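For what it's worth, our numbering labels the leading residue of the sequence shown as 345, then goes sequentially.
Where is the CB? At the ideal position from N, CA and C, for every residue including glycine.
Source: prediction; values computed, not measured.
Okay, so here's the structure we're looking at.
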Amino acid sequence: MGKLDGRVVLVTGSARGQGEQEARLFREEGAEVVVADVLDEQGRALAEEIGALYVHLDVGVEEEWVAAVREAKRAYGRLDGLVNNAGILRFNALVDTPLDEFMQVVRVNQVGCFLGIRTAAPELSDGGTIVNTASYTGLTGMAAVGAYAATKHAVLGLTRVAALELAPRRIRVNAVCPGAVDTAMSNPSRLEPDADAEETTRALDSLYRKLVPLGRIGRADEVARLALFLTSDDSSYITGQPFVIDGGWLAGVSVI
Ligand code: NAD
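Structure representation (structure tokens):
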């Protein structure tokens, strides 16, 4: 028996990274999965490999959300879960951040999450789930990622309000708050075909050894396991909460 048998779950930004691991794990646990992304070639290849449906979805575009949810229901007859995972990161000091860049990050991370909740919730089965992807920076500050941190704080606000508003239909809404995770976002060398992924992971592990109590960068499959917990009945009495998965980074600092 899989933890998601009989359920249909749409995962945004799932052509690669954490979303990809979520799509793979949810399939292994018996769900029908809708892989949604703007990276059509990668998304289609993944969907084909794992036996999922691929839909092109730019999470910032209202009409594409409507089409994606319609497509999911046409293919599988129902929708039980949504993982708002798509996100982008830009580095800049706040005083140097052009408005266009700020709005670009808001459009994907914040508007994307809002549109996902607004479009999918009315179509979700009663008892369904929404998992929003916030961040460690949704709960604390980090220099040079002001636009990103602002949107991730907003994702937690959306999570709490949606949890309250959707509880009468037993739809649970929670958020994952990853620290640094070894995907293209924190490890851009993953996008270089010739880079040695294991070597760059080792380099990142040694960098994070100084920052993170558990002494390494997180892995995408670890976040996927948390998303599975929040999408399955294992978390049946939990809603409206942020779940930090950061190797202890947010716990505090050590002075010795
Ligand atoms: P990633 O860059 O590998 O994956 C992001 C995915 O989102 C990609 O597949 C990308 O194509 C997709 N995407 C980007 N813009 C989109 C859009 N407009 N519409 C649809 N899809 C779009 O990085 P990741 O680490 O897998 O990121 C997943 C989520 O986790 C993001 O929300 C990110 O902010 C969050 N996060 C990542 C880290 C980290 O260190 N990697 C830490 C905390 C939170």
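Could you tell me which of the options sits nearest to residue i, measuring between CA atoms?
i           : options               : result
residue 522 : 424, 376, 593 and 470 : 593
residue 433 : 580, 441 and 587      : 441
residue 351 : 359, 421 and 387      : 421
residue 426 : 393, 410, 591 and 460 : 460
residue 481 : 514, 451, 520 and 508 : 520
residue 394 : 406, 369 and 417      : 369
residue 508 : 563, 585 and 358      : 585
residue 457 : 472, 479, 447 and 430 : 430
residue 479 : 472, 500 and 466      : 500
By the DSSP assignment, the beta strand (DSSP E) with residue i in it spans what residues?
i           : result
residue 516 : 516 to 522
residue 381 : 376 to 381
residue 356 : 352 to 356
Can residue i be considered in contact with the ligand NAD, in the sense that its beta carbon sits closer than 7 Å to one or more heavy atoms?
i           : result
residue 448 : no
residue 529 : yes
residue 420 : no
residue 402 : yes
residue 479 : yes
residue 382 : yes
residue 584 : no
residue 433 : yes
If you follow the alpha helix (DSSP H) that residue i is in, where does it begin and where does it stop?
i           : result
residue 385 : 384 to 394
residue 544 : 541 to 553
residue 594 : Counting along the chain, residue 594 falls outside any alpha helix (DSSP H), and DSSP gives it neither H nor E.
Original post:
Going along the chain, which unbroken runs of the beta strand (DSSP E) with 3 or more residues stay wholly within the stretch 564 to 591?
Top reply: 586 to 589
**OP:** Just list the alpha helix (DSSP H) runs in the stretch 420 to 488, keeping only unbroken ones of 4 residues or longer that don't cross its boundaries, in chain order.
**Re:** 443 to 449 and 456 to 464
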